[in-house]
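S.K.: Just so you know, the sequence shown maps onto residues 77 to 515 in the numbering used here.
Take a look at this one; I'll ask things after.
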Amino acid sequence: MTAIFDIFSDNHGPQMGIEYASRDEIIALQTQRAKNELRHAYYNVPHYRRKFDEIGVHPDDFKELSDMAKFPFTDKSTLRAEYPFGMFAVGQHQIARIHASSGTTGRPTVVGYTHNDIKIWSELVARSFRAGGLRPSDKVQVTFGYGLFTGGLGAHYGVEELGATAIPTSGGQTERQIQLMQDFKPDAILGTPSYMLTLLDRMKKEGMDPRETSLRVGVFGAEPWTQGMRHELEEGFGIDATDIYGLSEVMGPGVAQECVETKDGLTVWEDHFYPEIVHPETLEPLPDGEYGELVITTLTKEALPIIRYRTHDLTRILPGTARSMRRLDRITARNDDMIILRGVNCFPSQFEEIITEDHRLRPRYQCVLSKKGRMDHLTLLVERDPQATEKDVEDSTDWLGKQIKQRIGVTVEVLVQDQVNSGDGKAKRLVDNRPKDDH
Ligand code: DLL
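Dropping the structure here:
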């Protein structure tokens with residue numbers, strides 16, 4: 077295994093250079109690394125060898141990046157079927173750490189890292205935070221959950237790699253977070269955007285001015301959020317807020333990051349990942365600029381090489397701006413979150429956009445699907461602003477239902493409540509309560 081990873085030796089040391097490399101250089105590096113990664117997967121993971129052999133494709137068939145389309149997809153079900161360690165490409169003695177995703181149903185997906193994987197991951201997260209406006213002199217409050225979730229430890233190692241000071245508060249204990257924020261005076265904060273809103277609301281409720289904190293920047297991710305939420309967090313705290321993307325199967329946080337100078341979508345760290353957009357139904361590759369499902373191939377992972385992972389996240393690839401590497405448009409929906417209501421396709425994020433227009437409501441909401449007779453029924457639970465009166469709630473309920481009907485074309489039942497989705501973890505936007513074999 078060692079020999080084929082020699083080319084990764086440039087991962088040691090600062091990586092500013094590669095962020096500004098030419099497209100040709102990036103493509104050459106991706107091609108060489110993809111070749112190695114395909115070979116590594118084929119020769120060390122029985123699943124890949126079986127899959128490649130089944131469709132008669134071999135790593136030697138990969139000559140240029142467009143050849144990636146010849147190789148089979150991987151998805152969550154593959155990792156579940158190989159639970160827990162069947163997809164690992166190295167022996168257990170080489171595994172330095174294990175993480176797992178919670179998984180809404182069934183078995184979690186388990187991911188592993190060698191020491192070198194952790195090193196590269198830390199470097200990419202540090203690179204992400206630097207792009208998001210963090211500096212080595214910063215104190216950084218890390219409110220992502222620490223544990224099997226990749227958010228906490230992934231962010232933490234990145235903060236340390238950057239040379240900054242990590243304050244590992246993890247999630248929850250909102251009062252304590254606020255107290256520590258006042259005592260330790262962090263310059264930056266990391267977490268899910270929905271938890272950041274919880275902190276904002278709590279501070280306001282306690283009569284504090286969130287603009288008075290020491291915070292200068294925040295990097296938020298792990299769940300979809302909108303420009304409306306960015307605006308609210310930036311205005312509310314008086315900070316710059318940028319978006320970080322990642323997924324455990326591919327690495328964790330730090331696959332892509334928005335640059336603070338442009339705030340125009342997420343630069344994919346293409347020296348370590350090869351992104352593709354495919355048509356969600358035909359799975360044919362789509363050209364840059366077209367919306368579809370994001371598929372990612374890891375280029376340097378040792379413990380868990382992932383070939384053409386179907387993320388189910390919907391986005392499009394855009395040309396580079398602040399960096400030469402290409403960008404992903406903000407990810408606002410997953411194709412498995414799609415709700416089809418009497419033939420109309422819609423996504424929870426479309427409701428969110430309308431909710432953020434009404435100051436009597438908070439952008440915390442949940443879509444609950446159920447059956448009424450033979451029909452699918454959608455209830456939209458939305459949180460009220462603490463300042464809203466009963467009359468406001470009544471008016472908002474009415475307004476929201478009408479706006480959704482008019483603009484999205486579906487009828488939903490709106491219920492405005494005191495609290496929705498206020499946990500510190502990822503917000504759960506869609507709950508499907510329909511009988512199992514009915515849909
Ligand atoms: O959420 C890793 C992460 C941690 C990313 C902290 C950013 C910050 P998973 O738990 O495996 O990993 O969930 C991955 O979360 O496929 C997306 O659907 C969603 N997601 C993650 N970041 C974003 C984002 C981590 N910035 C899944 N915007 C992904 C929208 C996001 N969705």
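Built from N, CA and C at the ideal position, the CB exists for glycine as well.
List, from N- to C-terminal side, the beta strand (DSSP E) runs of 3 residues or more that fit wholly inside the stretch 270-343.
M.R.: Entirely contained in the stretch 270-343, the beta strand (DSSP E) runs reaching 3 residues are, in chain order, 293-297, 316-323 and 328-334.
S.K.: Between which residues of its own chain and Ala145 is the CB-CB distance below 7 Å, once the five residues before and five after are set aside?
M.R.: Contacts found: Pro361.
S.K.: DSSP three-state label for Gly89, please.
M.R.: With a pLDDT of only 43 at Gly89, under 50, the local geometry of the prediction cannot be trusted, and the value read off the model is given with reservation. Three-state DSSP puts Gly89 in coil, outside helix and strand.
S.K.: To the nearest angstrom, how far is it from the Cα of Asp340 to the Cα of Leu256?
M.R.: Their Cα atoms are separated by approximately 32 Å.
S.K.: Would you call the CB atoms of Phe149 and Val133 closer than 9 Å?
M.R.: It is not a contact, given that the beta carbons lie outside the stated cut-off.
S.K.: Do Glu352 and the ligand DLL come close, with the Cβ less than 8 Å from some heavy atom?
M.R.: Glu352: no, Cβ never under 8 Å from the ligand DLL.
S.K.: I'd like to know whether the C-beta atoms of Glu325 and Leu359 end up nearer to each other than 9 Å.
M.R.: No, Cβ-Cβ distance for Glu325 and Leu359 is not below 9 Å.
S.K.: Does the beta-carbon distance from Phe296 to Met272 come in below 9 Å?
M.R.: Result yes, Cβ atoms of Phe296 and Met272 sit closer than 9 Å.
S.K.: Which same chain residues end up closer than 8 Å to Asp471 when comparing Cβ atoms and leaving out the 5 residues on each side of it in sequence?
M.R.: The answer, listed in chain order, is Arg436.
S.K.: Starting from Glu158, follow the alpha helix (DSSP H) in both directions and report where the run begins and ends.
M.R.: First-last for Glu158: undefined, no H or E at that position.
S.K.: So which of Asn120, Gly449, Leu454 and Ile393 has the shortest CA-CA distance to Glu366?
M.R.: The residue with the shortest Cα to Cα distance from Glu366 is Ile393.
S.K.: Taking the beta strand (DSSP E) that Lys448 falls in, what are its first and last residues?
M.R.: First-last of the beta strand (DSSP E) with Lys448: Leu437 to Lys448.
S.K.: Who are the Cβ neighbours of Thr181 in its own chain at under 8 Å, not counting the five residues just before and after it?
M.R.: Its pLDDT being 49, under 50, Thr181 is placed unreliably in this model, and the coordinates cannot settle the point.
S.K.: To the nearest whole angstrom, what separates the beta carbons of Ile320 and Gln333, a pair I think is in contact under 8 Å?
M.R.: At roughly 5 Å, the Cβ-Cβ gap stays under 8 Å, so Ile320 and Gln333 are in contact.
S.K.: Do Phe313 and Gly294 count as a contact pair if the criterion is CB distance below 9 Å?
M.R.: Yes, Cβ-Cβ distance for Gly294 and Phe313 is below 9 Å.
S.K.: Which two residues bound the contiguous beta strand (DSSP E) that contains Phe349?
M.R.: Phe349 to Val354 is the extent of the beta strand (DSSP E) around Phe349.
S.K.: Just the C-alpha distance for Ser270 and Asp136, rounded to the nearest angstrom, thanks.
M.R.: Whole-angstrom Cα-Cα distance: 46 Å.
S.K.: What are the boundary residues of the alpha helix (DSSP H) that Asp129 is part of?
M.R.: It spans Pro122 to Glu130 - the alpha helix (DSSP H) in which Asp129 sits, taken as one unbroken run.
S.K.: What did DSSP end up calling His116 once you bin it into helix, strand or coil?
M.R.: It is helical.
S.K.: Please name the residue or residues paired with Leu404 in a DSSP beta bridge.
M.R.: Looking at the DSSP assignment, Leu404 forms a beta bridge with Leu342 and Ile393.
S.K.: Report back the beta-carbon spacing between Thr391 and Val371 to the nearest angstrom; my notes put them in contact at under 8 Å.
M.R.: The Cβ separation is near 11 Å, so there is no contact.
S.K.: Determine the direct distance from the alpha carbon of Gln426 to that of Gly419, and round the result to whole angstroms.
M.R.: Using only the alpha carbons, I get a separation of about 16 Å.
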